[in-house]
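Numbering (the working numbering), first residue to last: 1 to 160. Below: the structure, in structure tokens.
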């Protein structure tokens with residue numbers, strides 16, 4: 001099937017995204033982490049960002065961010081500390097345990113993504129990644145106004 005008007009691009013992207021997210025979820029569960037928690041920890045490493053700033057980067061809502069941070073704090077992976085520049089704000093600080101777990105999670109992430117992309121010939125792999133990157137940064141970077149937009153998925157950001 002070529003890249004024509006009859007190609008069901010949304011179905012292809014949905015199925016591949018869902019399969020990849022499911023595989024990452026299963027792998028990260030081996031170390032007691034979720035893809036969302038991995039994204040939050042990765043985004044917070046040495047960044048001195050607030051919960052709100054991280055939620056914007058990871059593209060999750062405020063309530064989900066609070067729940068994620070509560071879980072990360074309970075696990076000993078992150079802490080909320082006063083901001084050095086704004087006494088009203090609190091920044092997310094990754095603990096040593098958090099650094100260790102995110103390093104393991106990042107290794108697992110790279111392994112899964114490497115395996116998935118490695119299943120394609122080199123030229124297709126590069127083309128796929130370049131094409132998707134251009135779409136996300138260009139044509140599909142901003143959702144169009146919609147009266148009843150589809151619900152956001154839990155994971156939008158998978159920094160590698």
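We put the CB at the ideal spot given by N, CA and C, even for glycine. In this text the structure is predicted, and so the values were computed from the model without any measurement.
Across the structure, residue 86 and residue 41 are spaced so that their CA atoms are roughly 21 Å apart. If the five residues before and after residue 93 are omitted, its C-beta is found closer than 6 Å to the C-beta atoms of 79, 81, all from its own chain and listed in chain order. In this structure, DSSP gives residue 137 a helical state, which the three-state scheme calls helix. Under the Cβ criterion (8 Å, minimum of three pairs), the region 102 to 112 counts as touching the region 38 to 56. The C-beta distance from residue 71 to residue 62 rounds to 15 Å, too long to fall under 8 Å, and the pair is not in contact.
Spanning the alpha carbons of residue 84 and residue 111 requires a straight line of approximately 37 Å.
Boundaries of the alpha helix (DSSP H) around residue 15: 9 to 29. Excluding its 5 nearest sequence neighbours in each direction, residue 96 has no C-beta neighbour in its own chain below 8 Å. Under the DSSP assignment, residue 102 falls in the alpha helix (DSSP H) whose first and last residues are 96 to 118.
In the DSSP assignment, residue 147 forms no beta bridge with any residue. Counting the other Cβ atoms within 10 Å of the Cβ of residue 76 gives fewer than 16, which makes it exposed.
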